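S.K.:
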Amino acid sequence: MSSVNDPARVWSLTESRYVAASPQDVYSAVSNVKRMGEWSPECTGARGKNISENAFVGMKFVGLNKHGKYSWFTNCEVVIAEPGVEFAFDVKVVTTKIARWGYRFEAQGEGTLVTEYWRDLKPTKGFVPAFESFVERLSGYGPAKRAEFNREGIKATLDSLEAAFSSARSS
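Everything in the sequence shown is counted per my numbering, starting at 7 for the first residue and increasing by one.
So this is what it looks like as C-alpha coordinates:
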(Lines of atoms letter the chains of each structure in order from A; the text may use other names.)
(Lines give C-alpha, C1' and ligand atoms only; values in the text may rest on other atoms or scores of the structure.)
Protein backbone atom coordinates (compact mmCIF):
# COMPACT_ATOMS: atom_id res chain seq x y z
CA MET A 7 0.00 0.00 0.00
CA SER A 8 1.10 3.54 -0.71
CA SER A 9 1.19 6.19 1.93
CA VAL A 10 1.37 9.95 1.97
CA ASN A 11 4.98 9.62 3.17
CA ASP A 12 5.97 7.43 0.19
CA PRO A 13 8.86 9.18 -1.63
CA ALA A 14 7.66 7.63 -4.92
CA ARG A 15 4.28 9.32 -4.59
CA VAL A 16 3.34 11.52 -7.54
CA TRP A 17 2.71 15.05 -6.27
CA SER A 18 1.97 16.78 -9.58
CA LEU A 19 1.01 16.10 -13.18
CA THR A 20 1.04 18.28 -16.31
CA GLU A 21 -0.15 17.63 -19.85
CA SER A 22 -0.60 19.99 -22.83
CA ARG A 23 -2.63 19.92 -26.01
CA TYR A 24 -3.18 22.26 -28.96
CA VAL A 25 -6.78 23.47 -29.29
CA ALA A 26 -8.06 25.25 -32.41
CA ALA A 27 -9.51 28.28 -30.64
CA SER A 28 -8.31 31.50 -29.04
CA PRO A 29 -6.98 31.48 -25.46
CA GLN A 30 -9.98 33.61 -24.44
CA ASP A 31 -12.50 31.16 -25.94
CA VAL A 32 -10.90 28.10 -24.33
CA TYR A 33 -10.56 29.93 -21.01
CA SER A 34 -14.27 30.90 -21.14
CA ALA A 35 -15.29 27.27 -21.67
CA VAL A 36 -13.02 25.79 -18.98
CA SER A 37 -13.62 28.46 -16.34
CA ASN A 38 -17.40 28.01 -16.59
CA VAL A 39 -17.30 25.21 -13.99
CA LYS A 40 -20.91 24.20 -14.70
CA ARG A 41 -19.64 22.96 -18.08
CA MET A 42 -16.75 20.87 -16.68
CA GLY A 43 -18.77 17.69 -17.22
CA GLU A 44 -18.52 18.31 -20.98
CA TRP A 45 -14.75 17.82 -20.82
CA SER A 46 -13.90 15.73 -17.76
CA PRO A 47 -14.35 11.95 -17.48
CA GLU A 48 -14.77 12.31 -13.69
CA CYS A 49 -16.40 15.67 -12.95
CA THR A 50 -20.03 15.69 -14.02
CA GLY A 51 -20.65 19.36 -13.22
CA ALA A 52 -20.74 21.94 -10.46
CA ARG A 53 -23.25 23.63 -8.21
CA GLY A 54 -23.13 26.65 -5.96
CA LYS A 55 -24.84 29.85 -4.94
CA ASN A 56 -22.27 32.22 -6.37
CA ILE A 57 -21.21 30.34 -9.52
CA SER A 58 -20.79 32.68 -12.44
CA GLU A 59 -19.99 31.97 -16.09
CA ASN A 60 -17.21 34.50 -15.49
CA ALA A 61 -15.16 32.81 -12.77
CA PHE A 62 -13.57 35.03 -10.15
CA VAL A 63 -11.00 34.48 -7.41
CA GLY A 64 -12.86 33.40 -4.29
CA MET A 65 -15.78 31.85 -6.18
CA LYS A 66 -16.82 28.69 -4.33
CA PHE A 67 -18.57 25.71 -5.83
CA VAL A 68 -19.29 22.07 -5.23
CA GLY A 69 -17.79 19.75 -7.84
CA LEU A 70 -19.93 16.71 -8.65
CA ASN A 71 -17.88 13.61 -9.47
CA LYS A 72 -18.40 10.02 -10.54
CA HIS A 73 -16.08 7.11 -11.22
CA GLY A 74 -17.56 3.68 -11.78
CA LYS A 75 -20.07 2.99 -9.01
CA TYR A 76 -18.69 5.76 -6.78
CA SER A 77 -20.12 9.30 -6.70
CA TRP A 78 -18.88 12.11 -4.47
CA PHE A 79 -18.68 15.86 -4.22
CA THR A 80 -15.77 18.19 -3.63
CA ASN A 81 -15.65 21.65 -2.08
CA CYS A 82 -13.76 23.96 -4.41
CA GLU A 83 -12.58 27.55 -4.52
CA VAL A 84 -11.21 29.45 -7.51
CA VAL A 85 -7.70 30.71 -6.75
CA ILE A 86 -6.61 31.99 -10.18
CA ALA A 87 -8.93 33.59 -12.73
CA GLU A 88 -6.94 35.43 -15.41
CA PRO A 89 -9.05 35.41 -18.60
CA GLY A 90 -7.18 33.90 -21.51
CA VAL A 91 -4.13 33.17 -19.31
CA GLU A 92 -4.83 30.82 -16.40
CA PHE A 93 -7.67 29.29 -14.38
CA ALA A 94 -7.21 27.22 -11.22
CA PHE A 95 -9.19 26.01 -8.24
CA ASP A 96 -8.34 24.29 -4.99
CA VAL A 97 -10.22 21.26 -3.72
CA LYS A 98 -10.80 21.09 0.03
CA VAL A 99 -11.92 18.62 2.66
CA VAL A 100 -13.60 20.87 5.20
CA THR A 101 -10.91 23.61 5.31
CA THR A 102 -7.87 21.54 4.30
CA LYS A 103 -6.63 21.94 0.74
CA ILE A 104 -6.05 18.54 -0.85
CA ALA A 105 -5.51 19.35 -4.54
CA ARG A 106 -5.19 22.11 -7.09
CA TRP A 107 -6.50 21.74 -10.63
CA GLY A 108 -5.49 24.35 -13.16
CA TYR A 109 -5.29 25.31 -16.81
CA ARG A 110 -2.87 27.62 -18.61
CA PHE A 111 -3.60 29.08 -22.03
CA GLU A 112 -0.87 30.15 -24.47
CA ALA A 113 -1.58 31.52 -27.93
CA GLN A 114 0.02 29.42 -30.67
CA GLY A 115 -0.65 30.36 -34.25
CA GLU A 116 -4.41 30.46 -34.71
CA GLY A 117 -5.05 28.34 -31.63
CA THR A 118 -4.04 27.73 -28.04
CA LEU A 119 -1.68 25.44 -26.23
CA VAL A 120 -3.77 24.36 -23.23
CA THR A 121 -1.84 22.96 -20.28
CA GLU A 122 -3.82 21.20 -17.56
CA TYR A 123 -2.12 20.54 -14.25
CA TRP A 124 -2.91 18.82 -10.98
CA ARG A 125 -1.05 19.16 -7.68
CA ASP A 126 -1.52 16.95 -4.66
CA LEU A 127 -1.74 19.36 -1.71
CA LYS A 128 -2.65 16.82 0.95
CA PRO A 129 -0.83 17.25 4.24
CA THR A 130 1.32 14.35 5.40
CA LYS A 131 -0.06 14.38 8.97
CA GLY A 132 -3.45 14.69 10.60
CA PHE A 133 -7.01 13.85 9.62
CA VAL A 134 -6.66 13.91 5.80
CA PRO A 135 -3.92 11.24 5.50
CA ALA A 136 -5.69 9.09 8.09
CA PHE A 137 -8.93 9.36 6.13
CA GLU A 138 -7.09 8.69 2.86
CA SER A 139 -5.58 5.54 4.36
CA PHE A 140 -9.06 4.39 5.45
CA VAL A 141 -10.48 5.01 1.93
CA GLU A 142 -7.54 3.18 0.38
CA ARG A 143 -8.12 0.12 2.55
CA LEU A 144 -11.84 0.22 1.81
CA SER A 145 -11.60 0.73 -1.95
CA GLY A 146 -8.07 -0.30 -2.91
CA TYR A 147 -7.88 3.12 -4.58
CA GLY A 148 -4.84 4.79 -3.02
CA PRO A 149 -2.52 7.65 -4.01
CA ALA A 150 -0.63 5.74 -6.72
CA LYS A 151 -3.86 4.73 -8.47
CA ARG A 152 -5.23 8.25 -8.00
CA ALA A 153 -2.26 9.80 -9.78
CA GLU A 154 -2.53 7.25 -12.59
CA PHE A 155 -6.27 7.94 -12.89
CA ASN A 156 -5.68 11.72 -12.83
CA ARG A 157 -3.09 11.40 -15.63
CA GLU A 158 -5.62 9.54 -17.81
CA GLY A 159 -8.34 12.03 -16.82
CA ILE A 160 -6.20 14.99 -17.83
CA LYS A 161 -5.53 13.41 -21.23
CA ALA A 162 -9.25 12.68 -21.71
CA THR A 163 -10.21 16.23 -20.69
CA LEU A 164 -7.75 17.76 -23.13
CA ASP A 165 -8.91 15.36 -25.87
CA SER A 166 -12.51 16.48 -25.23
CA LEU A 167 -11.57 20.16 -25.40
CA GLU A 168 -9.62 19.60 -28.59
CA ALA A 169 -12.53 17.71 -30.17
CA ALA A 170 -15.16 20.24 -29.05
CA PHE A 171 -13.31 23.19 -30.54
CA SER A 172 -12.33 21.27 -33.70
CA SER A 173 -15.96 20.33 -34.38
CA ALA A 174 -17.14 23.87 -33.55
CA ARG A 175 -14.62 25.29 -36.01
CA SER A 176 -15.65 22.92 -38.80
CA SER A 177 -19.38 23.62 -38.29
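Note that beta-carbon positions come from the ideal geometry of N, C-alpha and C, so glycine has one too. For clarity, every value in this text was computed on a predicted model and none was experimentally measured.
Tell me whether the beta-carbon of V42 lies closer than 8 Å to the beta-carbon of A52.
M.R.: It should be pointed out that residue 42 corresponds to Met in this sequence rather than to Val. Yes, Cβ-Cβ distance for M42 and A52 is below 8 Å.
S.K.: Counting Cβ pairs, one atom from each stretch, are 3 or more of them under 8 Å apart for the region 46 to 62 and the region 149 to 163?
M.R.: Yes, the region 46 to 62 touches the region 149 to 163.
S.K.: Can you tell me whether T118 is helix, strand or coil according to DSSP?
M.R.: Of the three classes helix, strand and coil, the one that applies to T118 here is strand, per DSSP.
S.K.: In angstroms, rounded to a whole number, what distance separates the CA positions of F93 and N60?
M.R.: Taking the straight line from one Cα to the other gives about 11 Å.
S.K.: Give me whichever residues DSSP pairs with T80 in a beta bridge.
M.R.: Its beta-bridge partners are G69.
S.K.: Below 8 Å on the Cβ atoms is my contact criterion, and I expect V84 with V100 to pass it. Report the Cβ-Cβ distance as a whole number of Å.
M.R.: The pair is not a contact, with the Cβ atoms about 18 Å apart (cut-off 8 Å).
S.K.: Between A169, R125, N38, L19, which has its C-alpha nearest D96's C-alpha?
M.R.: Per the Cα distances, R125.
S.K.: Take A26 and list the residues in its own chain whose beta-carbon comes closer than 6 Å to its own, dropping the five residues that flank it on each side.
M.R.: Excluding residues within five positions, the ones whose Cβ falls inside 6 Å are G117, F171, S172, R175.
S.K.: For K128, is the classification buried or exposed, using 16 other Cβ atoms within 10 angstroms of its Cβ as the cut-off for buried?
M.R.: Buried.
S.K.: Secondary structure at G64, three-state DSSP: helix, strand or coil?
M.R.: Of the three classes helix, strand and coil, the one that applies to G64 here is coil, per DSSP.
S.K.: Hey, N156 and L19 are a contact pair by Cβ (cut 8 Å); roughly how many whole angstroms apart?
M.R.: Confirmed, about 6 Å.
S.K.: Can you look up V25 in the DSSP assignment and give me helix, strand or coil?
M.R.: It is a strand residue.
S.K.: Buried or exposed: T80, going by 16 or more other Cβ atoms within 10 Å of its Cβ?
M.R.: When all chains shown are included, T80 counts as buried.
S.K.: Who pairs with L19 in a beta bridge, going by DSSP?
M.R.: BP columns for L19 point to W124.
S.K.: According to DSSP, is M7 part of a helix, a strand, or is it coil?
M.R.: At M7, the pLDDT of 40 sits below 50, so the modelled position is not reliable and the matter cannot be decided from this model.
S.K.: Whole angstroms is fine: what's the gap from R23's alpha carbon to T130's?
M.R.: Approximately 32 Å, taken between the alpha carbons.
S.K.: Could you compute how far the alpha carbon of Y33 sits from the alpha carbon of G54?
M.R.: Between Y33 and G54, the C-alpha separation is close to 20 Å.
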